[in-house]
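S.K.: Numbering (full-length UniProt numbering), first residue to last: 1 to 62. Don't be surprised by glycine CBs; every beta carbon is placed ideally from N, CA and C. Below is a structure I'd like to ask you about.
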């Protein structure tokens, strides 16, 4: 089976929440405290925006 761009981009979008959780955990460890709900939402939105930009670029939509 050959992977196509849509396979990769769909997986990136589906993985966003899990990736955001990993980033949040890493930030909490580095900061030595729990992030607030607002901070967690900011992290998720930032990751979601970056993934959307990257997947659009991969699909040639730049």
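If you draw a straight line from the C-alpha of residue 35 to the C-alpha of residue 57, how long is it?
M.R.: Residue 35 and residue 57: Cα-Cα distance of roughly 31 Å.
S.K.: Output yes or no for whether 8 Å exceeds the beta carbon distance between residue 12 and residue 51.
M.R.: In this structure, residue 51 lies closer than 8 Å to residue 12 by Cβ.
S.K.: Considering only residues of the same chain and omitting the five flanking positions on each side of residue 16, which have a CB-CB separation below 8 Å?
M.R.: Counting only Cβ-Cβ distances below 8 Å, and skipping sequence neighbours, we find 44, 47, 48 and 51.
S.K.: Beta-carbon separation of residue 9 and residue 55 under 8 Å?
M.R.: Taking 8 Å as the Cβ cut-off, residue 9 and residue 55 qualify as a contacting pair.
S.K.: Could you check which residue in 31, 60 and 24 has the C-alpha nearest to that of residue 41?
M.R.: Checking every option, the nearest Cα to that of residue 41 belongs to 24.
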